[in-house]
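The structure under discussion appears below in the form of structure tokens.
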Amino acid sequence: MGYYGVVSKGCERCRRRKVKCDQRKPACLKCQKSKIQCPGYRDLDQVLFRNESERIIRKARQLDQPQPALGQEVIATSSYPPKNGLATACEAPPTSLPLGISYPPSQPVNNLGASFFFTKYTFNEVPFCGDYHDWLTQSYFNDGSVLQAAIEAVGMAGISNVSYAPHVASKAKEQYCKAVTAVNLALGDPVQVAADSTLMAVILLGLFETVNFETSDRYDYWAAHVKGATALLELRGQEQFTRKRGGLLYILIRSQIISACTQQHMPVPQALVQATRDFQTSIIRQQWQRSNVASRGSVCQISFRIVNLGAVFANGEITDLGVIRDMALEIDRDLEAWREGAPSGWAYTRIDASEATPGTFFDTHIHVYPSLWIAEAWNNWRALRIVVNKIIHQCEACSDAPRDARQSAPLSIIRELSTDMCISISSFMGTPRILSLIRPLFVVALEELNTRSTRGFAVEQLRSIGESVGIRQAGLLATTISKTLDESPRNCVPLPNLFTIPLIPFF
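The working numbering puts the sequence shown at residues 1120 to 1626.
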């Protein structure tokens, strides 16, 4: 029997949130206050002592046997590139990592990479669950799968960042090159070019660049993968939305395309506009609306208008700050209308968390959402409103008109929504969905109109994400922004470009 030390006696929900549980029966007080069914308590005898005999015997036998391939049950539970398409060069990302793990892992590093990917970067919950999750898992095990090398490359890159393991980073780059080769072969096949696995592999290549995003030198590689995925989205046409998986893949690449457009000061491409129209009218989205997965309005289409507004300003097509302000005000009204029309099942509650350990929650409050998918949707909406109100505030600050109460409204909105995003963080802790916080946290941390304490909290959360799940980009953002926290806010600066990082796709 193996002894596993002192363990928490709290209910499962309190343990996951790392808050003190009063252990009341049949339900603890915190669950009752949240109006959530208490999951109950563990049998501590089963947790403290476990029969390890079979595991030890298995381990001893494996010492004399070749390492087995990673089983499905493990995963189920656990030079610049060309400008006209996918990155074909396999130049390695920079490797300025401190010396870390120097001993070989007990399992083949490919297996560890796949396990890390499925544990840290995927989740099996609505809407990315059921058939979709099974398909992604099974695709990894198919011989010759275009996804296999890409999944291993992303996972090994994450491991190398978390563990500071240069030898794993080297293996990750090898698998990345194999994945690029496999994708290029699929693109030359008239059948495979439109397959779900091909689009997914391209998305994963972009994720690899995000995980390794240490300097801007790799930006063009990421952008090339996004451009290739956009071309595939157009090639796949309306037929892709006759299947749930097609709709999910569209969601995965959509934010990447929007991000690339903003960084390059380009309007949303027609391929994404048409794909979005097809998706909005598809049976898939109608089913999601009935099952409370999708809202009636489209925040995505509103975000297109923000991207296009930034493009026309950057290109000099519109220079009148009054016109830009009016356009931003109209977008903000539509965002507020979306909130008012959100499904009743998307409502969340704000409860007191003053009894929690200091520093665990922001502003001693927590949000309770129906699901993390819905929590992510609210954070996307908040980020968009912050960007729009920043534009409004700057237009008014830079105009010749006298300062008045109008400027206080955008400031109040920005700070309120930034606080809400920081409060929402506790809902994501310990889940793969925590990756969805990178962009919202970046928006909050970068916003000079926020208080230093709010910005500092966002910076520390970014740093924590980078260290816990191996997203190098998050740590880089934290380090960069932390250097500006003590600078005085500027009254009039160029209009913001707050989407200047690759957005994380989720699987």
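Ideal Cβ placement from N, Cα and C applies to all residues, glycine included.
| Query | Result |
| --- | --- |
| Nearest to V1273 (by Cα), restricted to the options N1261, S1289 and D1262 | S1289 |
| Terminal residues of the alpha helix (DSSP H) in which D1397 lies | Q1389 to Q1399 |
| Coil, strand or helix - K1128 by DSSP | coil |
| Supposed contact pair I1511 and D1451 - C-beta distance, whole angstroms, cut 8 Å | 7 Å |
| Inter-residue spacing [alpha-carbon to alpha-carbon] between R1143 and V1431 | 59 Å |
| Residue burial classification, K1509 (beta-carbon count within 10 angstroms, cutoff 16) | buried |
| For D1471, the first and last residue of its enclosing beta strand (DSSP E) | T1468 to D1471 |
| L1354 and A1379 closer than 7 Å at C-beta | no |
| V1330, DSSP secondary structure in three states | helix |
| Endpoints, beta strand (DSSP E) assigned at V1487 | H1484 to V1487 |
| Residues bridged to E1244 (per DSSP) | F1247 |
| Of the residues S1258, S1234 and E1333, the one placed nearest N1280, counting alpha carbons only | E1333 |
| Contact between the region 1557–1565 and the region 1495–1502 (3+ Cβ pairs under 8 Å) | yes |
| V1310 classed as buried or exposed, judged by whether at least 16 other C-beta atoms fall within 10 angstroms | exposed |
| Close beta carbons around A1268, own chain, < 7 Å, minus the five adjacent residues each side | Q1294, K1297, A1298 and A1301 |
| 7 Å Cβ cutoff met for C1157 and C1130 | yes |
| Where V1310 falls: helix, strand or coil (DSSP) | coil |
| Cα-Cα separation, W1492 to S1473 | 26 Å |
| At least three beta-carbon pairs within less than 8 Å, the region 1357–1368 to the region 1397–1404 | yes |
| Distance, C1147 Cα to G1325 Cα | 44 Å |
| Between the CA atoms of E1606 and L1255 - distance to the nearest angstrom | 46 Å |
| Neighbour-count burial assignment, G1460, 16 or more Cβ in a 10 Å radius | exposed |
| Neighbourhood of V1228 by C-beta distance below 7 Å, restricted to the same chain and skipping five residues each side | M1275, V1287 and K1290 |
| Which of helix, strand or coil DSSP assigns to D1339 | helix |
| Proximity winner among Q1359, F1360 and L1391, relative to S1374 (alpha-carbon distances) | L1391 |
| Coarse secondary structure for F1360, derived from DSSP in three states | helix |
| beta-carbon A1146 near the ligand MG non-hydrogen atom, thresh 6 Å | With respect to small molecules bound, the structure shown includes none, and the ligand MG cannot be examined in it. |
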